[in-house]
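As numbered in the UniProt record's numbering, residues 1 to 640 make up the sequence shown, in order.
The C-beta atom is built at its ideal place from N, Cα and C for all residues, glycine as well.
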Amino acid sequence: MFKKKPNVKPLAPIRSSDRRKIADQIIQDYGLAIKVSDTATDDEKIAATAKHTQLRNSLLPDNVQSGRFTTTQGPDLKPVSGTSYVGSHVSGQDTRVLWFALEGKMYPSIYSLWQNPGLVPLLHTPEMVVDKLKSGADLMIPGLAGPPFPQKATKGATVAVASLDSPSVPVAVGICAIDIAGLTSTRGAKGHAVETLHWAGDEVWSYSTSGKPGRPPPSEIAEWLSKDQESNDMADATSELSLQDQDDGGVSLVDRSRTLTGDASGKDSPATPDALAPAAEPLSTREIDEAFRKAFLYGVHEHITSNSGQSNYGLDFPLTQSFVMSTLIQPFLPIFTPEDGKQLQIKNTSFKGLKKFIKSLDKEQIIKAKDKPNETLILDIDFKDAAITEFKPYRLPKKETASGTAQGRGTTATTTLSDADPSIGQQLSLRTVYKVPERLAVLFDPPQPNDLVSGSELKSAVSSYIDRHTLASPTNKRLAKLDPFLCDALFNGTSSLDAQVRAQGSVARDALADRAVAACTAHWTLTRKPPTGDITVSKPKPGAPPRIKVTLETRSGNKTATKISGLERFGVSPGLLADELRRSCAGSTSVEPLTGASPKDGLMEVMVQGPQKDAVVKALEKRGVKGAWVEVVDKVKKKK
């Protein structure tokens with residue numbers, strides 16, 4: 001369906017409430033709801049709520065944006081229109097189409113399938129058939145590998161298709177044209193089995209706001225072939241998912257003391273493929289208690305370091321139990337293997353529930369808590385408590401958590417932002433040069449018409465000309481006498497003071513040099529030295545040196561937003577910067593085409609919620625952009 005490039009309108013951010021509604025609709029449509037029994041305890045209900053939130057964010061991350069698109073479908077090129085949902089599951093990763101809606105139904109892209117194993121039934125076909133699917137063909141019944149087939153592969157159901165050569169990696173998405181689950185044999189059968197909508201290699205796969213090509217399929221996603229594929233426990237499946245190759249695997253937890261107490265450098269925790277890691281010994285209750293306590297401290301520590309300019313470091317008190325579990329604890333648990341995930345659960349602690357765990361922190365006077373009828377709230381946190389100020393981050397898994405929370409992956413994560421953003425750590429040099437007009441060529445010896453020279457070189461040439469022609473005033477060395485050339489070239493009547501200067505017959509050396517600079521055409525050139533790679537120097541361009549514009553303005557009544565434009569000239573990716581600002585500012589961001597710019601230029605504008613000037617300047621400094629190159633425009637109405 002997306003063999004030809006669709007016409008996609010500019011992307012727009014989605015309100016948090018709308019994103020939750022859309023995610024809940026996906027959960028309902030695909031039968032992914034977290035089941036909670038009527039006899040469940042309060043802690044079990046809280047855990048289910050946290051899992052539901054985790055599932056929401058795994059399906060539809062909080063950085064997602066939407067945009068309408070139009071394309072054609074079928075051999076008769078029937079016009080169709082829908083909505084694309086663009087975002088990234090991992091902070092710092094380039095944004096991709098995660099879902100697309102057609103006729104009111106949501107369909108996952110292969111990027112969502114790679115992140116969410118078991119989301120839809122998975123069918124298999126030979127590699128040679130996959131090659132046909134990637135050209136836009138439908139999957140025919142004889143091309144199916146089976147039976148048996150997944151029970152949910154009924155007529156009209158959304159399914160994924162994988163090659164028999166890589167049976168755990170979906171590479172196509174489609175709709176069942178028949179009841180595939182009821183097939184007992186494919187031999188001799190005819191007709192369509194799956195109507196192909198999207199595949200790895202089409203225009204949806206290649207779409208990206210950063211302009212990067214589509215990501216190649218991972219080598220293996222073992223969770224797609226697990227015995228639990230047909231279960232509805234998607235939150236558990238996504239929390240254990242890693243899209244890294246086996247060679248990049250996790251970290252063995254054989255030495256529990258090092259993992260839970262933490263060496264952020266990872267020197268004592270060598271990377272070991274999960275499949276080869278020896279079986280971990282069961283954790284004691286005391287170790288699990290300590291893991292939860294340290295995870296909470298890590299969560300608070302990350303908020304302090306990432307939101308230093310915000311009130312309460314971005315935390316909005318009171319904090320509910322579900323928020324504490326999903327945002328401050330779960331992302332910071334050292335879960336490297338599925339076995340760790342089974343052990344590191346609140347029910348395995350001595351507290352048995354989150355209420356008693358929060359009360360234990362209150363007893364230590366790290367927090368201030370208050371009991372409510374159904375839960376315990378955190379009213380305040382003592383950010384100056386020694387347990388927080390002296391906390392040392394420990395090693396975390398390489399992957400992001402399924403919830404996509406940015407707080408769980410700070411500077412101590414095994415992958416850093418600089419790995420994903422090539423502009424971090426670059427060195428920039430912005431230089432202004434001047435094109436010498438032909439009438440001023442004689443200032444140089446020998447004459448240099450139309451050459452590009454720096455301001456200092458031009459002023460030095462003026463001084464040399466004065467010395468060569470003995471124009472310095474004998475009574476005041478700071479003055480220079482005017483000769484016919486200087487009068488005609490620099491004081492030709494274009495200024496109201498020219499006549500007065502010509503009448504005096506002399507002028508200050510500095511004023512003469514400034515007049516020579518003003519008579520030349522200014523150009524600018526940018527030298528960029530990335531952390532790795534060759535130094536690049538841009539071609540000289542006329543005009544004033546570029547500036548990155550940071551605009552603070554009021555939107556939607558009294559809400560402040562910060563817009564950033566002009567990033568491309570400095571080698572800064574708008575999409576990657578937006579991902580970092582979303583993390584550091586704990587607010588939603590969006591990337592849209594710059595208003596008024598030519599579509600051919602491809603200039604983009606980043607918007608982040610709140611007055612985030614300081615955070616933006618700090619992020620730009622990491623990318624080599626000096627403060628003098630940033631223009632701040634404050635349009636926020638001041639209170640009278």
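If you follow the beta strand (DSSP E) that residue i is in, where does it begin and where does it stop?
i, result
"GLY369", "Rather than Gly, the amino acid found at residue 369 in this sequence is Ala. Where ALA369 is concerned, the enclosing beta strand (DSSP E) stretches over 367 to 371."
"TYR85", "78 to 87"
"GLU364", "Neither: GLU364 is in no beta strand (DSSP E) and is coded neither H nor E."
"VAL453", "452 to 454"
"ALA172", "170 to 176"
"ARG431", "427 to 435"
"SER506", "506 to 508"
"ALA480", "479 to 481"
Looking at the structure shown, is residue i part of a helix, part of a strand, or coil, going by DSSP?
i, result
"TYR207", "coil"
"ASP289", "helix"
"ARG547", "coil"
"ASN7", "strand"
"CYS487", "helix"
"PRO117", "coil"
"GLN321", "helix"
"LEU328", "helix"
"VAL194", "strand"
"LEU458", "helix"
"GLN609", "strand"
"ALA23", "helix"
"LEU552", "strand"
"LYS626", "coil"
"LYS529", "strand"
"LEU440", "helix"
"ARG258", "In this prediction, ARG258 scores a pLDDT of 37, lower than 50, which makes its location untrustworthy; the coordinate-derived value is nonetheless stated afterwards. ARG258 falls in the helix class under three-state DSSP."
"ASP421", "coil"
Across which residues does DSSP place residue i in a beta bridge pair?
i, result
"ASN307", "None; ASN307 has no bridge partner."
"ILE34", "Its beta-bridge partners do not exist; DSSP assigns none."
"CYS520", "Its beta-bridge partners do not exist; DSSP assigns none."
"PHE351", "PHE351 pairs with nothing; no bridge assigned."
"MET604", "PRO593"
"LEU99", "The amino acid at residue 99 is misidentified as Leu; the sequence shows Trp. In the DSSP output, where bridge partners are listed per residue, TRP99 has TYR85, PRO108."
"PRO542", "HIS523"
"PRO13", "GLN65"
"SER163", "THR125"
"ILE335", "Its beta-bridge partners do not exist; DSSP assigns none."
"ILE378", "LEU319, ALA369"
Please say whether residue j and residue i have beta carbons closer to each other than 7 Å?
i, j, result
"ARG528", "GLY575", "no"
"PRO611", "LEU552", "yes"
"GLY67", "LYS5", "no"
"LEU102", "GLY87", "no"
"HIS192", "ALA172", "no"
"GLU195", "ASP165", "no"
"residue 683", "SER208", "Nothing about residue 683 can be reported from this structure: the residues present for the chain run from 1 to 640 only."
"ILE366", "ASP380", "no"
"VAL436", "CYS520", "yes"
"ALA291", "LEU344", "yes"
"LEU319", "PHE296", "no"
"THR154", "ASP138", "no"
"THR589", "ALA578", "yes"
"ILE34", "ALA48", "yes"
"ALA480", "LEU490", "no"
"THR70", "ASN7", "yes"
"VAL462", "ALA513", "yes"
"ALA23", "ARG56", "yes"
"LEU443", "TYR465", "yes"
"LEU98", "TYR111", "yes"
"GLY354", "GLN330", "For the sequence presented, residue 354 should be read as Leu rather than Gly. Cβ distance not < 7 Å, so LEU354 and GLN330 don't count as in contact."
Which first and last residues belong to the alpha helix (DSSP H) in which residue i is found?
i, result
"THR49", "42 to 59"
"GLY67", "Careful: GLY67 lies outside any alpha helix (DSSP H), inside the beta strand (DSSP E) at 65 to 73."
"LYS384", "Taken as a continuous stretch (DSSP letters only), LYS384 belongs to no alpha helix (DSSP H), as it is neither H nor E."
"ALA200", "First-last for ALA200: undefined, no H or E at that position."
"ALA619", "613 to 622"
"ALA561", "First-last for ALA561: 559 to 565, but that is the beta strand (DSSP E), not the alpha helix (DSSP H)."
"SER584", "574 to 584"
For the putative contact between residue i and residue j, defined by C-beta atoms under 8 Å, what is the C-beta separation to the nearest angstrom?
i, j, result
"residue 642", "VAL608", "Since the first and last residues shown for the chain are 1 and 640, residue 642 lies out of range."
"PHE391", "TYR298", "7 Å"
"LYS549", "SER565", "5 Å"
"ALA516", "LEU458", "6 Å"
"ARG502", "TRP629", "Rounded, the Cβ-Cβ distance is 39 Å, inconsistent with contact."
"SER168", "ALA222", "6 Å"
"PRO147", "SER109", "With a Cβ gap of about 28 Å, PRO147 and SER109 do not count as contacting."
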